[in-house]
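Residue numbers (my numbering): 1 to 344.
To start, the structure itself, in structure tokens.
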């Protein structure tokens with residue numbers, strides 16, 4: 001099998017490496033973000049398992065929990081059958097490798113010193129313990145794919161990956177809106193992207209109107225509107241939406257998270273103003289939101305005095321602490337005190 005010098009990278013790099021016919025004798029998929037793990041498994045399966053014979057004779061799927069040493073040894077050391085694998089190597093996939101017992105880990109330590117050139121071993125783990133001998137060996141002789149939720153600034157890197165996967169283009173504004181409405185969860189972003197692709201049919205591009213039509217449920221719209229009402233000082237509207245949202249089962253922790261995000265954007269807006277930024281697109285980039293959300297944030301930000309910003313920051317921190325301890329509710333802990341400060 002051909003090799004690549006990098007040992008640790010992410011899903012788009014794995015796709016590129018396989019596209020160049022570059023593989024390693026062992027690949028570890030580490031992390032708890034399910035979309036990337038399952039995408040990586042599919043990419044690797046699609047690379048090795050081209051024909052029905054490949055899947056029938058040159059593929060084994062194992063589970064680390066309850067895996068015996070004999071079963072593992074047999075899987076990785078078995079030579080290909082009479083029919084040569086299309087890619088020259090068998091594929092052995094072991095999910096939940098971190099559940100395997102010590103004897104399997106010890107065997108892997110020795111196996112990796114001279115892995116079979118006719119086997120590609122793929123392991124999935126929730127978290128890779130880099131202190132273990134096998135993990136250190138993998139970092140020099142194999143690949144480690146890290147699968148975690150992207151940071152806010154990294155979501156833009158996933159746009160071209162999903163565009164290629166679903167053969168649709170999406171405008172930057174529509175992409176940012178999709179990420180927001182999907183709660184900044186990569187798996188949800190991908191799932192909603194696929195729904196929008198079905199909705200637009202043969203159209204080659206996805207617009208913000210398409211995203212609103214498919215992804216913005218009435219509940220999601222109410223949550224964003226609730227945050228706007230709170231920070232704009234519209235007391236009756238804010239409290240009525242709070243009542244409706246909590247009555248329908250919406251989590252107070254989730255509502256607080258939306259308020260925290262909106263508050264952060266207001267603070268960043270004030271910082272941008274102080275540095276002389278007024279253009280909506282530039283402001284949108286500064287505060288991390290699509291340009292069409294900026295006017296609503298600006299409307300809220302203009303009502304804020306510096307002392308209220310500082311007081312709200314402490315109030316939000318106290319509210320977060322109390323709610324996570326199961327004490328009080330969002331209306332009494334933050335919404336009502338905040339509205340009182342806005343009116344004073």
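Don't be surprised by glycine CBs; every beta carbon is placed ideally from N, CA and C.
Where residue 196 is concerned, the enclosing alpha helix (DSSP H) starts and stops at 186-200. Closest option to residue 256, judged by alpha-carbon separation, among 319, 314, 235: 319. Per DSSP, residue 334 has no beta bridge partner at all.
The Cβ-Cβ distance between residue 227 and residue 303 does not fall below 8 Å. Between the stretch 113-132 and the stretch 91-102 there are three or more inter-stretch CB-CB distances shorter than 8 Å, so the stretches are counted as touching. Assignment of beta-bridge partners to residue 169 by DSSP yields 205. The residues 28, 30, 135, 144, in chain order, have a CB closer than 7 Å to that of residue 128 in the same chain once the five nearest residues on each side in sequence are set aside.
Distance between residue 35 and residue 343, taken at the CA atoms: about 46 Å.
Following the DSSP letters along the chain, one finds residue 59 inside the beta strand (DSSP E) bounded by residues 59-63.
Around the beta carbon of residue 167, a 10 Å sphere encloses fewer than 16 other beta carbons of the protein chains shown; the residue is thus reported as exposed. In the three-state scheme derived from DSSP, where H, G and I count as helix and E and B as strand, residue 300 is classed as helix. Residue environment: residue 159 is assigned as buried (16 or more neighbouring CB atoms within 10 Å of its CB, all protein chains considered). Of 26, 261, 323, the smallest CA-CA separation from residue 152 is found for 261. For the options 43, 184, 263, 313, the alpha carbon positioned closest to that of residue 16 is the one of 43. For residue 78, the closest alpha carbon among the candidates 67, 64, 58 is that of 58. Within the model, the alpha-carbon separation for residue 185 versus residue 83 is close to 43 Å.
A straight line joining the alpha-carbon of residue 164 with that of residue 243 spans about 42 Å. With a threshold of 16 other beta carbon atoms within 10 Å, residue 192 meets it and is buried. Between residue 11 and residue 39, the beta carbon gap of about 6 Å places them in contact (Cβ cut-off 8 Å).
Inclusion of residue 211 and residue 181 in the CB contact set at 8 Å is warranted, their separation being smaller than that value.
Put simply, the backbone Cα of residue 336 is about 44 Å away from that of residue 169. In the DSSP assignment, residue 93 falls within the unbroken beta strand (DSSP E) covering 90-95. The Cβ atoms of residue 315 and residue 338 lie closer than 8 Å to each other.
Ranked by Cα distance from residue 215, the first of 198, 204, 229 is 198. Around the beta carbon of residue 236, fewer than 16 other beta carbons sit within 10 angstroms, so the residue counts as exposed. Around the Cβ of residue 24, a 10 Å sphere holds 16 or more other Cβ atoms; the residue is buried.
Straight through space, the alpha carbons of residue 330 and residue 253 are spaced by roughly 8 Å. Counting the other CB atoms within 10 Å of its CB gives residue 54 a total of 16 or more, which places it among the buried residues.
Beta-bridge partners assigned by DSSP to residue 27: 122, 143.
DSSP places residue 286 in the uninterrupted alpha helix (DSSP H) bounded by 280-287.
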